[in-house]
């Protein structure tokens with residue numbers, strides 16, 4: 029298993045619709061122009077041991093789905109169950125570590141690793157679904173944080189209206205504001221810089237490249 033401390037890695041995190049994938053494609057393009065190979069990794073809330081619990085939550089109404097204009101929206105109300113609020117993050121941590129172990133074995137020492145979705149995104153999802161806004165301070169949250177501690181991390185931010193304009197499947201997402209709040213908490217408590225992507229995306233790319241020192 030390759031440790032992140034042994035390779036160069038760039039991790040752009042943030043809410044859905046903030047433009048992470050678009051920005052990272054530009055970052056990857058610039059790196060490849062220098063003839064340096066890259067490894068693009070996307071991990072978000074893998075379901076292995078947590079899958080049976082998700083099925084139970086669906087049956088008990090803690091997870092609900094609605095379809096609006098052909099788009100499926102899912103909402104979790106795990107805060108209604110003390111057991112689920114603890115057990116789901118724990119199972120997700122196990123699932124995430126298993127998935128990361130699998131993918132990390134594919135990383136070569138000469139590659140630059142680019143993370144689109146990674147451990148902080150899964151942690152943020154858990155904070156939203158359980159409404160535990162201090163989850164990152166628990167031992168489970170700290171283990172998620174520890175996974176990406178050796179990455180060069182930036183948080184990408186876009187306001188609610190801009191998100192809805194750019195990403196249609198967020199139009200009726202009731203948690204957009206809460207998601208932005210969660211990433212703001214992680215930025216403040218973990219000392220991660222926020223890059224504002226509300227304006228011209230080319231300017232955002234320049235700022236990200238400058239912060240990453242590529």
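In our numbering, the protein residues as written are 29 to 242.
From the three backbone atoms N, C-alpha and C, an ideal C-beta is built for every residue, glycine too.
Asked, Found
"Quick check on the DSSP output: what are the complete beta strand (DSSP E) runs of length 3 or more inside the stretch 42-108, in order along the chain?", "66-70, 91-96 and 99-104"
"How is residue 35 classed by DSSP in three states: helix, strand or coil?", "coil"
"Measuring only the C-alpha atoms, how far is residue 62 from residue 102?", "41 angstroms"
"Relative to the C-alpha of residue 188, which residue among 206, 180 and 179 is closest?", "206"
"Looking at the ligand GDP, does it come within less than 6 angstroms of residue 231, judged from the CB to the closest heavy atom?", "Looking at this structure, you won't find the ligand GDP or any other ligand, since it has none at all."
"Given a cut-off of 7 angstroms on the beta-carbon distance, is the pair residue 74 and residue 125 in contact?", "no"
"Between 233, 69, 213 and 225, which has its C-alpha nearest residue 135's C-alpha?", "69"
"Assign residue 64 to buried or exposed, taking buried as 16 or more other Cβ atoms, counted over all protein chains shown, within 10 Å of its Cβ.", "exposed"
"On the CB-based measure, 16 or more other CB atoms within 10 Å of its CB, does residue 116 come out buried or exposed?", "buried"
"Please determine if the stretch 157-173 and the stretch 41-57 are in contact, where contact requires at least 3 C-beta pairs separated by less than 8 angstroms.", "no"
"How far does the alpha helix (DSSP H) with residue 116 in it extend, from its first residue to its last?", "110-132"
"Assuming residue 183 is part of the beta strand (DSSP E), what are its boundary residues?", "180-185"
"Go ahead and label residue 48 buried or exposed: buried means 16 or more other beta carbons lie within 10 angstroms of its beta carbon, across all protein chains shown.", "buried"
"Return the residue from the list 225, 120 and 60 that minimises the CA-CA distance to residue 153.", "120"
"What residue from 32, 33, 34 and 39 has the CA that sits closest to residue 20's CA?", "The structure shown does not extend to residue 20, since the chain is modelled only from 29 to 242, so the question has no answer here."
"Based on the DSSP secondary-structure assignment, which residues constitute the bridge partners of residue 143?", "39 and 69"
"Report yes if the C-beta distance between residue 223 and residue 182 is below 7 angstroms; otherwise report no.", "yes"
"Are the CB atoms of residue 146 and residue 76 within a distance shorter than 7 angstroms?", "no"
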